[in-house]
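Undergrad: Here it is: the structure, laid out below.
Residue numbers (the working numbering): 3 to 206.
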């Protein structure tokens with residue numbers, strides 16, 4: 003799978019614009035201020051594939067990216083941005099719900115959280131959603147570069163304890179430093195192709 007061969011497909015602003023799930027999908031979800039788009043860009047090793055800004059809440063649509071004709075990466079609207087009007091938040095919730103309800107035989111969730119704070123109440127709501135829909139998921143604990151070694155180990159252990167038996171794994175990640183990228187590649191390759199080696203079958 004060639005990660006360089008990634009193209010933006012479309013941005014769905016309403017339910018009618020959502021795509022049918024005709025190939026495996028990897029779904030990126032998370033709060034508006036956890037660096038979800040930065041994680042997606044780091045995974046692809048592309049600077050501006052997903053929109054990144056200083057203001058949370060930049061992702062307001064369901065954004066689709068085609069990876070080498072084999073996979074959709076789907077960037078969901080960030081949730082929990084309080085400054086958005088209630089009607090807009092409700093529209094986002096309806097859009098996310100409609101997307102997740104589309105029948106699909108192969109989906110993997112990537113839940114991006116802030117490692118400094120662990121999973122919030124809204125994050126756990128997304129965990130419950132994944133479980134109810136029987137979507138396996140991994141947790142990407144982003145912003146690891148913000149912590150020292152001792153605190154990083156402590157926070158990681160706490161997150162793993164909270165999500166024990168629920169997530170497939172917790173990936174300690176730094177979009178700024180590239181930490182955890184190889185592990186995330188291995189995980190997604192395993193989902194798509196059954197491969198376990200990050201250098202087996204992937205072009206970065």
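Note that CB positions come from ideal geometry on N, CA and C, so glycine has one too.
Mind the definition here: the stretch 5–16 touches the stretch 137–157 only if three or more C-beta pairs lie below 8 Å; say whether that holds.
TA: Counting Cβ pairs under 8 Å, fewer than three are found: no touch.
Undergrad: Would you list the residues sitting across from residue 1 in a DSSP beta bridge?
TA: Residue 1 cannot be examined here, being either before or after the span of the chain that is shown, 3 to 206.
Undergrad: Nearest-angstrom Cα distance between residue 187 and residue 20?
TA: Looking at the two C-alpha atoms, the distance is approximately 26 Å.
Undergrad: Per DSSP, residue 73 is paired with what?
TA: DSSP lists 69 as partners of residue 73.
Undergrad: With respect to the alpha helix (DSSP H) encompassing residue 12, which residues constitute its N-terminal and C-terminal limits?
TA: First-last for residue 12: 8–14, but that is the beta strand (DSSP E), not the alpha helix (DSSP H).
Undergrad: What did DSSP end up calling residue 188 once you bin it into helix, strand or coil?
TA: Residue 188 falls in the helix class under three-state DSSP.
Undergrad: Sort out for me which residues DSSP pairs residue 143 with in a bridge.
TA: Partner(s): 115, 174.
Undergrad: Quick check on the burial criterion: 16 or more other C-beta atoms within 10 angstroms. Buried or exposed for residue 27?
TA: With 16 or more other Cβ atoms within 10 Å, it is buried.
Undergrad: According to DSSP, is residue 41 part of a helix, a strand, or is it coil?
TA: If DSSP states are grouped into helix, strand and coil, residue 41 belongs with the helices.
Undergrad: Ordered along the chain, which non-local residues of its own chain (more than five positions away) have a Cβ less than 8 Å from that of residue 129?
TA: Once the five neighbours on either side are set aside, the close Cβ partners of residue 129 are 113, 121, 139, 165, 168, 169.
Undergrad: How close, in whole Å, do the beta carbons of residue 11 and residue 68 come, if the pair is a contact with beta carbons under 8 Å?
TA: Their Cβ separation, rounded to whole angstroms, is 5 Å, which keeps residue 11 and residue 68 in contact under 8 Å.
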